[in-house]
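Student: Residue numbers (our numbering): 231 to 1207.
Don't be surprised by glycine CBs; every beta carbon is placed ideally from N, CA and C.
This one's a predicted model, so the numbers in the text were calculated from it and none came from an experiment.
The following block contains the structure, expressed as structure tokens.
Spelled out as structure tokens, the structure:
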């Protein structure tokens, strides 16, 4: 039974996360306070029950929910109302419950909230009883799928008990704005909502103190007022801050507001709000400026799961991930496609990451059977309003997003939601991610403060034409590019998710595929795998067009769900994988977003069996030029050009390869790979060696498969077993392999392309913490003969390693080893298929039981040729222009024509699938009244003239082969419908 502590002071916010009972089944009588839950599981929040379960193809969440289950669960918690609390008001806050939560206090139903991504608060006071009180929560995520990605299930964010007097600042009750800011002065305005829950009018004083980033007072305002019984009174105050420290990604300086309510000189409430001072503007002419400084939004989209912890993401894990993005040069994130937990925004404020705060993935037309469309009409205003009120004081938030790729998006609904946001919070612009092209999409973009373009539906192909038609429109690539990549895996043949859809072609790197040694579920780490455009092409748009103020690539991290067929549980869209290991694209963006000298080299240089084959070698750098050295021999320097990478074709010879980047003629950065030998050992590392005793600190223990010289073996795939001693909690393991369906909470995990990890969280106890790993290491598939090692390694997360001497016993015939079995003294040589089993013993205690099967033979080749570049060839018009005024979608004779800015012509015949049908050109003289002229060359070689009916570009005339006019009009709907 939980007893909330009450310390001196008028307001207390107490964690309510500990000591909940949980049962994964529907028990309606569990709402009753007398219900017996003594057999239920005890746990602390946050809790995601879905990630604790097994992946299975029959789970109803399917590919959307990573093949993990939903269901109905109940949580219960008993707490004591001590004498010190009995004359107070008690509010219970949930930061997030997924989904359809019903909350009860002592059997009384407090309320229901369908939306799983926003917090809510209930007043417990009227229903409290002396001594024992019971909170019951029913969580219903049984209708699946309810989202297009993994959502988690349960009370997956923090809970808080707030204790106040009858008169207090309302929940999310302050709203701070900075209407006028320059380097010398900042006008700061605050509106504070005062709640009076007593039965009489109260005459009060509100004192608002403003503290600078060093904690020193810089301004103060005081107001006297009377608030009637049962009323909520807004109090407006203003101050001026001199020489303000302006918030920016480079200098994320934060101020705080201390709000104090006094009555007859006594303090009866205090409330603290963190905020920042900054100003910004968007324009089509000058782009984006923050505090008068021009900058591009170098952003990524994020989903809110954290790999092995599911949706219950610890703050320390968010901090680790956000700092990784910041080191990449990222300066902005988009919360796709829902509000995140409050701590996420606090971290963005403190680290210096700008935010697009997004409310919804859909409105009232469903994308999948049980999504938010079931609740939109009834709940959108409450949910959107709560997001605004909760998040409006965060300086990191630069704009609000009201949706993403809305089905059947109506302009009147777009205007309704945007106007609602403007009424609540007019200081920030509103956007929406819109992915298709056509007049309906164009009209929606036209009413938004900032027009959102998601490139998955082809929106990236109309930047130029839209700017020509709407020169004052501010554009943002809200979701671009969509590229896919698997850490450590490469293909030299281009791969496209959608066959023969509109895109910017990427030439194959070799005539025949070089790399055939892994699953077709994996995606190439060259920039040659995606949906519409490469990462390089997409970022080039942003660099070229000042009216395109930035991009938010899909995505920053791999995420669970929204995948293809089982066993895939993710789709490889991130630049960092599920295990928090950067992929090669991470360094591409670092080369574009940062100035500190860096260089990155790909691929690695361990390719057994490929001796003599010519391998494309790529270099990313932010320096002027780079040199490639292979086995000590220089292949020369090359300048970094507009392609944003440097390449060499290198005949593979084992040894070493090194890239040296030069700035101002001097070597400024280096990256080197050596060819690894066979797997021989495991090696542990960690991101912290002194876990705090706060119950919240986090450590990632990474493991590598290495050779006898300690070099990473890029193809290492042996299973590593983890164990811990000391006061630490194991949260799960991960390796980044999207088709590894080992349960997230398993302490045994195969290395994926040489790497894997375990997550550990501290407790409130002190003491040494040690993590130990063991594995049977070797080539699991070998040609003639190989060596096998049994490896153990340990690392300390707090204190020093203990002195241990392990005994290892093993067999090679698959039988269970005992103390009478062979003693392991060194590597084993095998030349036939066999199963090696081992036990690792510490003072007669078995620490690990290990087993690995080794197979003599060849690994099956895996090549997917069905998603490659187009095989048909339609000769382009050489050196002929594609006027932006003609780019876009046209309708005529029941057919939609997409004229792309690269000269391709696609036809849509009543289905979402497009057919590459020809090439086109059109020349239009600026300033001339002449409507210009052009042509289409079809795949069969015929050519038809094109002519705009006027310079306005609303109608296009095409002559048939019989010289009959075909009138084309701008398409008014989605491109695929």
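Which residues does DSSP list as the beta-bridge partners of residue 519?
Tutor: Along the chain shown, read from residue 1 onward, the residue named residue 519 stands at position 289. DSSP lists 511, 524 as partners of residue 519.
Student: So what's residue 1201 in DSSP terms, helix, strand or just coil?
Tutor: One-based indexing of the chain shown puts residue 1201 at position 971. The answer is coil: DSSP assigns residue 1201 none of H, G, I, E or B.
Student: Count the other CB atoms within 10 Å of the CB of residue 338; is the residue buried (16 or more) or exposed (fewer)?
Tutor: Locating residue 338 in the chain shown gives position 108, counting from the first residue. Exposed, because fewer than 16 other Cβ atoms sit within 10 Å of the Cβ of residue 338.
Student: What did DSSP end up calling residue 963 once you bin it into helix, strand or coil?
Tutor: Counted from its first residue, the chain shown places residue 963 at position 733. Strand, per DSSP.
Student: The beta strand (DSSP E) with residue 739 in it runs from where to where?
Tutor: Indexing the chain shown from 1 puts residue 739 at position 509. First-last for residue 739: undefined, no H or E at that position.
Student: Does the Cβ of residue 316 have 16 or more other Cβ atoms within 10 Å, making it buried, or fewer, making it exposed?
Tutor: In the chain shown, counting from the first residue as 1, residue 316 sits at position 86. Per the 10 Å Cβ criterion, exposed.
Student: Going by DSSP, what residue range makes up the beta strand (DSSP E) through residue 1084?
Tutor: Counting from 1 along the chain shown, the entry for residue 1084 is found at position 854. Looking at the DSSP string, the run of the beta strand (DSSP E) that includes residue 1084 is 1075–1086.
Student: What runs of the alpha helix (DSSP H), each 4 residues or longer, lie entirely inside the region 554–618?
Tutor: Listed in chain order, the complete alpha helix (DSSP H) runs (minimum 4 residues) inside the region 554–618 are 572–581.
Student: Report the start-end ranges of each beta strand (DSSP E) in the region 756–797 that is 3 residues or longer and not cut off at the edges.
Tutor: As far as the region 756–797 is concerned, its whole beta strand (DSSP E) runs of at least 3 residues are 778–783.
Student: Taking only the alpha-carbon atoms, compute the straight-line gap between residue 367 and residue 852 and give it to the nearest angstrom.
Tutor: The residue you call residue 367 lines up with position 137 of the chain shown. The residue you call residue 852 lines up with position 622 of the chain shown. Those two C-alpha atoms are separated by around 53 Å.
Student: If you draw a straight line from the C-alpha of residue 1133 to the C-alpha of residue 602, how long is it?
Tutor: For the purposes of this step, residue 1133 is taken as residue 903 along the chain shown, with counting starting at 1. For the purposes of this step, residue 602 is taken as residue 372 along the chain shown, with counting starting at 1. Looking at the two C-alpha atoms, the distance is approximately 39 Å.
Student: May I ask you to report which of helix, strand or coil DSSP gives residue 454?
Tutor: As a position in the chain shown, residue 454 is number 224, starting the count at 1. Residue 454: strand per DSSP, three-state reduction.
Student: With DSSP run on the structure shown, which of helix, strand or coil describes residue 356?
Tutor: Taking the chain shown and counting its residues from 1, one reaches residue 356 at position 126. Helix at residue 356.
Student: Measuring CB to CB, does residue 583 end up less than 9 Å from residue 479?
Tutor: Locating residue 583 in the chain shown gives position 353, where the first residue counts as 1. Locating residue 479 in the chain shown gives position 249, where the first residue counts as 1. Result yes, Cβ atoms of residue 583 and residue 479 sit closer than 9 Å.
Student: Give a yes or no on whether the C-beta atoms belonging to residue 751 and residue 798 are separated by under 9 Å.
Tutor: Looking up residue 751 in the chain shown gives position 521. Looking up residue 798 in the chain shown gives position 568. For residue 751 and residue 798, yes; Cβs fall inside 9 Å.
Student: Tell whether a beta-carbon distance below 9 Å holds between residue 957 and residue 996.
Tutor: In the chain shown, residue 957 corresponds to position 727, counting from 1. In the chain shown, residue 996 corresponds to position 766, counting from 1. Yes, the pair counts as a contact, with Cβ atoms nearer than the cut-off.
Student: Would you check if there are 3 or more beta carbon pairs closer than 8 Å linking the region 1073–1084 to the region 1010–1025?
Tutor: A contact exists between the region 1073–1084 and the region 1010–1025.
Student: Within the same chain, show all residues whose beta-carbon is closer than 6 Å to that of residue 334, passing over the 5 residues directly before and after it, in chain order.
Tutor: If you number the chain shown from 1, residue 334 lands on position 104. 261, 366, listed in sequence order.
Student: In the DSSP assignment, what residue or residues form a beta bridge with residue 889?
Tutor: In the chain shown, the residue the question calls residue 889 occupies position 659. Answer is 858, 901, bridged to residue 889.
Student: Whole angstroms is fine: what's the gap from residue 900's alpha carbon to residue 847's?
Tutor: Stepping through the chain shown from its first residue, residue 900 is reached at position 670. Stepping through the chain shown from its first residue, residue 847 is reached at position 617. Distance between the alpha carbons of residue 900 and residue 847: 15 Å.
Student: So which of 1040, 1048, 1049 has the shortest CA-CA distance to residue 1064?
Tutor: Counting from 1 along the chain shown, the entry for residue 1064 is found at position 834. Per the Cα distances, 1040.
Student: Would you report the Cα separation of residue 417 and residue 1177, rounded to the nearest angstrom?
Tutor: Residue 417 sits at position 187 when you count from the first residue of the chain shown. Residue 1177 sits at position 947 when you count from the first residue of the chain shown. Spanning the two alpha carbons is a distance of roughly 56 Å.
Student: Which value, in whole angstroms, describes the spacing of the CA atoms of residue 786 and residue 553?
Tutor: If you number the chain shown from 1, residue 786 lands on position 556. If you number the chain shown from 1, residue 553 lands on position 323. C-alpha separation (whole angstroms): 12 Å.
Student: Skipping 5 residues on each side, what residues in its chain have a beta carbon closer than 6 Å to that of residue 733?
Tutor: Looking up residue 733 in the chain shown gives position 503. Cβ neighbours of residue 733 beyond the five flanking positions: 762.
Student: How far does the alpha helix (DSSP H) with residue 930 in it extend, from its first residue to its last?
Tutor: Position 700 of the chain shown holds residue 930. Looking at the DSSP string, residue 930 is not in any alpha helix (DSSP H); the run it does join, the beta strand (DSSP E), is 928–936.
Student: Using the Cβ count rule (16 or more neighbours within 10 Å means buried), how would you classify residue 617?
Tutor: Reading the chain shown from its first residue, position 387 is the one you call residue 617. Answer is buried; the Cβ neighbour count reaches 16.
Student: Where residue 548 and residue 541 are concerned, what is the direct C-alpha to C-alpha distance, given to the nearest angstrom?
Tutor: For the purposes of this step, residue 548 is taken as the residue at position 318 of the chain shown. For the purposes of this step, residue 541 is taken as the residue at position 311 of the chain shown. Straight-line Cα distance between these residues: approximately 11 Å.
Student: Pick from 1195, 948, 1091, 244: whose alpha carbon is nearest that of residue 747?
Tutor: Translated into positions along the chain shown, residue 747 becomes position 517. Ranking 1195, 948, 1091, 244 by Cα distance to residue 747 puts 1091 first.
Student: Tell me the DSSP secondary structure of residue 693 in three-state form.
Tutor: Along the chain shown, one-based indexing puts residue 693 at 463. Of the three classes helix, strand and coil, the one that applies to residue 693 here is helix, per DSSP.
Student: Leaving out the 5 sequence neighbours to the left and right, which residues in its chain are closer than 6 Å to residue 1025 when beta-carbon positions are compared?
Tutor: For the purposes of this step, residue 1025 is taken as the residue at position 795 of the chain shown. The answer, listed in chain order, is 914, 916, 1001.
Student: Take the Cβ of residue 626 as the centre, count every other Cβ of all protein chains shown within 10 Å, and call the residue buried at 16 or more, exposed below.
Tutor: Numbered from 1 along the chain shown, position 396 holds the residue referred to as residue 626. Burial call: buried.
Student: Residues in its own chain within less than 6 Å of residue 1110 by CB, not counting five upstream and five downstream?
Tutor: Locating residue 1110 in the chain shown gives position 880, where the first residue counts as 1. The answer, listed in chain order, is 1151.
Student: Using a Cβ-Cβ cutoff of less than 6 Å, which residues in the same chain neighbour residue 777 once the five nearest sequence positions on both sides are dropped?
Tutor: Indexing the chain shown from 1 puts residue 777 at position 547. For residue 777, where only same-chain residues beyond five positions count, the Cβ hits under 6 Å are 514, 697, 705.
Student: By DSSP's criteria, residue 345 is part of a beta bridge. Which residues make up the other side?
Tutor: Numbered from 1 along the chain shown, position 115 holds the residue referred to as residue 345. Answer by DSSP bridge pairing: none, since residue 345 is not bridged.
Student: Straight-line CA distance for residue 300 to residue 591?
Tutor: By 1-based counting over the chain shown, the position of residue 300 is 70. By 1-based counting over the chain shown, the position of residue 591 is 361. Spanning the two alpha carbons is a distance of roughly 20 Å.
Student: Please report the straight-line C-alpha distance between residue 1217 and residue 690, rounded to a whole angstrom.
Tutor: Residue 1217 cannot be examined here, being either before or after the span of the chain that is shown, 231 to 1207.
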